[in-house]
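Asks: If you use UniProt numbering, the sequence shown corresponds to residues 1 to 343, in order.
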Amino acid sequence: MALKRKDRIFPGESILVSRSEYESVYRLEFEDGFGTMTSRTVMPGVTLIFNDFHTNHEFPGESRCPGMIEINHCRTGRYECTMRDGRIVWLGPQDFAVSDMGRPPVRCCFGQKIYQGISLVVEPGAAERSLFQMLGEGAPRLTELFQCLLSPQSFLLLRSDPRIQHIFSEMYEVLEDGAMAYYRLKTAELMFFLYERHKAARSAEGGYHSRNMTDRVREMEARMTEDLRVRRSVSDLAQEYGVGISTVKKYFQQIYGESPYAHLKRRRMEEAAFLLTTTGQSIAQIAETVGYQNTSKFSAAFRDIYGQSPTQYRRTSELLWMSRNSSADGTVTMSHKAGRKRS
């Protein structure tokens with residue numbers, strides 16, 4: 001993620017390990033793992049960052065960067081943020097978010113101890129001028145666009161949108177020759193997508209809710225997801241905590257941005273996606289781990305979230321792992337960072 005230091009993009013504890021004309025690679029060391037951030041300036045006003053984190057380290061509140069926008073896409077893992085109004089925002093595989101860096105979260109972490117994805121850090125004014133020079137009349141007015149997307153809320157969240165997945169998936173595997181031109185093209189495509197969708201895609205606004213009720217609902221969510229093999233109904237938890245079901249559903253929607261049922265289904269499928277990409281367990285074993293005795297029902301639920309079967313998802317993800325390389329000092333790099341030359 002685009003954490004901040006004096007250059008407003010990278011964490012203060014990051015170490016610059018390599019730099020070329022177009023690319024800078026930073027590494028972060030934690031007690032339980034590491035992170036790598038590979039940065040490219042796509043055009044004036046737009047910085048592209050490939051994130052590769054293997055840690056459960058919790059980051060405290062980020063510095064405010066008024067006037068800057070961060071766009072994140074998750075490929076693998078889970079990224080969780082607690083916003084200033086108490087809402088919890090999280091990205092799972094194929095999810096996408098736009099956020100106001102002037103109103104950053106109070107805490108964030110990688111819930112599954114792994115996170116790989118892309119960030120675009122945008123300065124709307126400079127990026128708007130760059131796109132106009134590139135496209136001419138009809139280029140998106142980014143300053144106006146982001147004001148619409150992020151008012152009054154500080155973030156916009158889209159779950160597994162096929163068009164977003166198409167835009168970002170190709171950015172992970174781009175060949176080195178012509179890469180910068182391709183990144184500019186995909187950036188323009190992304191901005192046009194946001195421009196078209198900005199009215200329909202605005203995330204639901206949450207109103208004020210008491211800290212006491214927020215804490216109760218968070219405890220219920222933790223109970224629901226602590227062991228995904230166990231199915232705890234909302235009605236049973238509501239009765240246990242002395243809260244009406246309608247109240248639980250209302251606050252759950254405000255805090256997590258979706259209903260309890262949808263949230264639990266997504267958490268199950270996120271855990272399944274994680275196991276598919278990090279273990280050799282069979283589909284049946286993974287289905288049982290996330291609470292499904294029927295493999296067919298599990299596969300159908302997985303397809304609902306990710307648009308492909310568990311087997312297809314595993315095969316696609318293997319391409320990412322096959323492209324990994326280990327340098328002599330143990331630094332993990334990706335093929336899109338090292339670059340692949342056309343033959």
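Beta carbons: idealized from backbone N, C-alpha and C, even for Gly. Just so we're clear, the structure is a prediction, and the values are computed from it rather than from any experiment.
With burial defined as no fewer than 16 other Cβ atoms inside 10 Å of the residue's Cβ, what is the status of Arg-87: buried or exposed?
Replies: The count along the sequence shown starts at 1 and reaches residue 87 at position 87. The residue in question, Arg-87, is buried, as its Cβ has 16 or more Cβ neighbours within 10 Å.
Asks: By a C-beta neighbour count over all protein chains shown, 10 Å radius and 16 as the cutoff for buried, is Leu-16 buried or exposed?
Replies: Counting from 1 along the sequence shown, the entry for residue 16 is found at position 16. Result: exposed.
Asks: Whole angstroms are fine: how far does the CA of Gln-133 sit from the CA of Ala-287?
Replies: Position 287 of the sequence shown holds residue 287. Position 133 of the sequence shown holds residue 133. Going from the Cα of Ala-287 to the Cα of Gln-133 covers about 51 Å.
Asks: Secondary structure at Pro-140, three-state DSSP: helix, strand or coil?
Replies: As a first step, residue 140 is located in the sequence shown; it is residue number 140 there, counting from the start. Here Pro-140 sits in coil by DSSP.
Asks: Check each candidate in Gly-291, Ser-39, Asp-304 and name the one with the smallest Cα separation from Asp-227.
Replies: Here residue 227 is taken as the residue at index 227 of the sequence shown, counted from 1. Taking only the C-alpha atoms, the option nearest Asp-227 is Gly-291.
Asks: Taking the alpha-carbon of Leu-149 as reference, which of Ser-259, Arg-197, Thr-311 has the nearest alpha-carbon?
Replies: By 1-based counting over the sequence shown, the position of residue 149 is 149. Out of Ser-259, Arg-197, Thr-311, Arg-197 has the C-alpha closest to the C-alpha of Leu-149.
Asks: So Arg-184 is in the alpha helix (DSSP H); what residue range does that whole segment cover?
Replies: Position 184 of the sequence shown, counting from 1, holds the residue named residue 184. Arg-184 -> alpha helix (DSSP H) spans 179-197.
Asks: Just to confirm my understanding: we take Gly-45, look at its own chain, exclude 5 residues before and 5 after, and list those with CB closer than 6 Å. What are they?
Replies: What you label residue 45 is simply residue 45 of the sequence shown in a count that begins at 1. Here the set comprises Glu-123, Ala-126, Ala-127, Ser-130.
Asks: May I ask which residues mark the beginning and end of the alpha helix (DSSP H) holding Arg-78?
Replies: Locating residue 78 in the sequence shown gives position 78, where the first residue counts as 1. Unbroken run through Arg-78: none, as it is neither H nor E.
Asks: Glu-270 and Gly-92 - do their beta-carbons sit closer together than 9 Å?
Replies: Residue 92 sits at position 92 when you count from the first residue of the sequence shown. Residue 270 sits at position 270 when you count from the first residue of the sequence shown. For Gly-92 and Glu-270, yes; Cβs fall inside 9 Å.
Asks: Gly-77: buried (16+ other C-beta within 10 angstroms of its C-beta) or exposed?
Replies: Along the sequence shown, read from residue 1 onward, the residue named residue 77 stands at position 77. Per the 10 Å Cβ criterion, buried.
Asks: Measuring only the C-alpha atoms, how far is Ser-282 from Ala-272?
Replies: Within the sequence shown, residue 282 is the residue found at index 282, counting from 1. Within the sequence shown, residue 272 is the residue found at index 272, counting from 1. So the two alpha carbons sit approximately 11 Å from each other.
Asks: DSSP three-state label for Glu-270, please.
Replies: Here residue 270 is taken as the residue at index 270 of the sequence shown, counted from 1. In the structure shown, Glu-270 sits in a helix (DSSP, three-state: H, G or I).
Asks: Rounded to whole angstroms, what is the Cα-Cα separation between Ser-14 and Phe-50?
Replies: Taking the first residue of the sequence shown as 1, we reach residue 14 at position 14. Taking the first residue of the sequence shown as 1, we reach residue 50 at position 50. If you take the alpha carbons of Ser-14 and Phe-50, they lie about 14 Å apart.
Asks: Can you tell me whether Asn-294 is helix, strand or coil according to DSSP?
Replies: For the purposes of this step, residue 294 is identified with residue 294 of the sequence shown, where counting begins at 1. In this structure, Asn-294 counts as coil in the three-state DSSP scheme.
Asks: Which residue wins for smallest C-alpha separation from Ala-112, given the options Thr-311, Arg-267, Met-43?
Replies: For the purposes of this step, residue 112 is taken as the residue at position 112 of the sequence shown. The question names Ala, yet the displayed sequence has Gln at residue 112. Nearest of Thr-311, Arg-267, Met-43 to Gln-112, Cα basis: Arg-267.
Asks: Which class does Gln-147 belong to by DSSP, given the choice of helix, strand or coil?
Replies: As a position in the sequence shown, residue 147 is number 147, starting the count at 1. Note: Gln-147 maps to helix in three-state DSSP.
Asks: Apply the 10 Å Cβ neighbour rule to Asp-329 and answer buried if 16 or more other Cβ atoms are within range, or exposed otherwise.
Replies: Reading the sequence shown from its first residue, position 329 is the one you call residue 329. Because Asp-329 carries a pLDDT of 42, less than 50, the predicted location of this residue cannot be relied on, and no value is offered for it.
Asks: Spell out the partners DSSP gives Arg-40 in its beta bridges.
Replies: Numbered from its first residue, the sequence shown carries residue 40 at position 40. Glu-23, Leu-48, per the DSSP bridge assignment.
Asks: Residues bridged to Glu-128 by DSSP?
Replies: As a working mapping, residue 128 is identified with position 128 in the sequence shown. Answer is none; Glu-128 lacks a bridge partner.
Asks: Taking one C-beta from the segment 213-229 and one from the segment 240-249 each time, how about it: are there three or more such pairs within less than 8 Å?
Replies: With a cut-off of 8 Å, the segment 240-249 and the segment 213-229 count as touching, because enough Cβ pairs lie within range.
Asks: Taking C-beta to C-beta, are Ser-317 and Thr-277 nearer than 9 Å?
Replies: To locate residue 317, count along the sequence shown from 1; it is residue 317. To locate residue 277, count along the sequence shown from 1; it is residue 277. It is a contact, given that the beta carbons lie within the stated cut-off.
Asks: Can you list, in chain order, the residues of its chain whose CB lies under 7 Å from that of Thr-82, leaving out five sequence neighbours each side?
Replies: Taking the sequence shown and counting its residues from 1, the one referred to as residue 82 is at position 82. Once the five neighbours on either side are set aside, the close Cβ partners of Thr-82 are Ile-88, Pro-105, Val-106, Arg-107.
Asks: Roughly how many whole angstroms lie between the Cα atoms of Ser-151 and Gln-285?
Replies: Your numbering for residue 151 matches position 151 in the sequence shown. Your numbering for residue 285 matches position 285 in the sequence shown. For Ser-151 and Gln-285, the distance between alpha carbons rounds to 44 Å.
Asks: Which of helix, strand or coil does DSSP assign to Pro-152?
Replies: Your numbering for residue 152 matches position 152 in the sequence shown. Looking at Pro-152 - three-state DSSP - the assignment turns out to be coil, as it is neither helix nor strand.
Asks: From Arg-19 to Met-37, what distance separates their C-alpha atoms?
Replies: The sequence position of residue 19 within the sequence shown is 19, counting from 1. The sequence position of residue 37 within the sequence shown is 37, counting from 1. When rounded, the distance between both Cα atoms is 12 Å.
Asks: Nearest to Phe-192 by CA position, among Cys-74, Ala-139, Tyr-115, Arg-303, is which residue?
Replies: Position 192 of the sequence shown, counted from the start, is the residue given in the question as residue 192. Among Cys-74, Ala-139, Tyr-115, Arg-303, the Cα nearest to that of Phe-192 is on Ala-139.
Asks: Starting from Pro-66, follow the alpha helix (DSSP H) in both directions and report where the run begins and ends.
Replies: For the purposes of this step, residue 66 is identified with residue 66 of the sequence shown, where counting begins at 1. No alpha helix (DSSP H) contains Pro-66, which DSSP labels as neither H nor E.
Asks: Let me know the secondary structure DSSP gives Val-122 once reduced to three states.
Replies: Numbered from its first residue, the sequence shown carries residue 122 at position 122. Here Val-122 sits in strand by DSSP.
Asks: What does the alpha-carbon distance come out to for the pair Met-220 and Leu-237?
Replies: Sequence index remark: in the sequence shown, residue 220 carries index 220 (1-based). Sequence index remark: in the sequence shown, residue 237 carries index 237 (1-based). One C-alpha to the other measures close to 7 Å.
Asks: Could you compute how far the alpha carbon of Asp-52 sits from the alpha carbon of Asn-294?
Replies: Working through the sequence shown from its first residue, we reach residue 52 at position 52. Working through the sequence shown from its first residue, we reach residue 294 at position 294. Roughly 34 Å between the two C-alpha positions.
Asks: Could you give the distance in angstroms between the alpha-carbon of Gln-253 and the alpha-carbon of Pro-260?
Replies: On the sequence shown, position 253 is the one that residue 253 refers to. On the sequence shown, position 260 is the one that residue 260 refers to. Spanning the two alpha carbons is a distance of roughly 8 Å.
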